[in-house]
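**Student:**
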Amino acid sequence: MTRRLLIAGNWKMHGSVEMTTDLISGIARAALETATLSEQRELAYDILVCPPSVYIPAAVKAADSQPIRVGAQNAHAKSQGAYTGEVALEMLSELGCDYVLLGHSERREIFSETDDEVASKFAACCENGSMVPVLCVGETLAQRQQGQTETIVAAQIDAVLDKVGIAGFSKAVIAYEPVWAIGTGETATPEQAQAVHAFIRAKLAELDADVANALRILYGGSMKAENAADLLGQPDIDGGLIGGASLKVESFAAICDAAHVLALS
Ligand code: PGA
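Here the sequence shown is numbered in the working numbering, starting from -7 and rising by one per residue.
#1: Is the beta carbon of residue 210 closer than 8 Å to that of residue 0?
#2: Do residue 12 and residue 51 come within 8 Å of each other at the CB atom, strictly closer than that value?
#3: If you check the beta carbons only, do residue 251 and residue 37 fall under 8 Å apart?
#4: Report the residue from 105, 159, 117 whose alpha carbon sits nearest the alpha carbon of residue 198.
#5: What does the Cβ neighbour count give for residue 97, buried or exposed, with the cut at 16 atoms within 10 Å?
#6: With DSSP as the reference, label residue 68 as helix, strand or coil.
#7: Spell out a yes or no on whether the region 115 to 127 and the region 14 to 24 are touching, meaning 3 or more CB-CB pairs, one atom from each, closer than 8 Å.
#8: Just to confirm the assignment, what range does the beta strand (DSSP E) spanning residue 94 have?
#9: With respect to 7 Å, is the separation between the Cβ of residue 206 and the closest non-hydrogen atom of ligand 1 below this value?
#10: Cα separation between residue 200 and residue 57?
#11: Tell me whether residue 46 is buried or exposed, calling it buried when 16 or more other Cβ atoms sit within 10 Å of its Cβ.
#12: Put residue 160 into one of helix, strand or coil per three-state DSSP.
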């Protein structure tokens, strides 16, 4: 089965209104230029950008009529209430977000989000139904060194399965992001990443082969122009979740170009 590649930028806490507008129009221009050179009228893969939530309106405006979707980096599981500083899924969807990252390792590590809290957010997103949840999973360096990669990733996914079952993954995306590769310049080798992606797909296939086959599993962790083609070329890697290299038109567009080449091959 061919899954459409998804190239997603996670801007984290970076940017400004001006940067949001310039980056989105620059990415769109570059991606459409590459497509036109190959005589494609539309992109053969998907592009997503996830700016800080305050810049979502500017991003949605800049992405209007461009082949770029906008996502949020986090959301609260409750739809409203006394949760100072939090943002509800409904609010993000009202602004025009189509995707929401859930359980990014920085949320888990710095803001102490547990597997169960992340799963509650995922369940709320499924119930709400207006946005695609991107469930981020991945092990730390110590966990990998102790041979716990699969156990950790399985537990993160099981927490979600416990709440929504396999059906919850029929409209979702998973991002495998080894914590030791995020923002470190160290990337998982294509073989290391492929092995975990295949493990995730096989695990879900035990519950529903169709859902598992259709599920897009992104790789994240120091993806850049130099390694994108090799990573995206792996059979179970269906895109990238890109931090540092998503903040400049040239570096993000170069990853989009790698997706373009693979999508047409
Ligand atoms: P990085 O971040 O590309 O800067 O490693 C990836 C992420 O955190 O999603």
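We put the CB at the ideal spot given by N, CA and C, even for glycine.
**Tutor:** Quick look at the numbers:
#1: yes
#2: yes
#3: yes
#4: 159
#5: Its Cβ being crowded by 16 or more others within 10 Å, residue 97 is buried.
#6: strand
#7: no
#8: Where residue 94 is concerned, the enclosing beta strand (DSSP E) starts and stops at 91 to 94.
#9: Exclusion of residue 206 from the 7 Å shell around ligand 1 follows from its C-beta lying no nearer than that to any non-hydrogen atom of the ligand.
#10: 36 Å
#11: exposed
#12: helix
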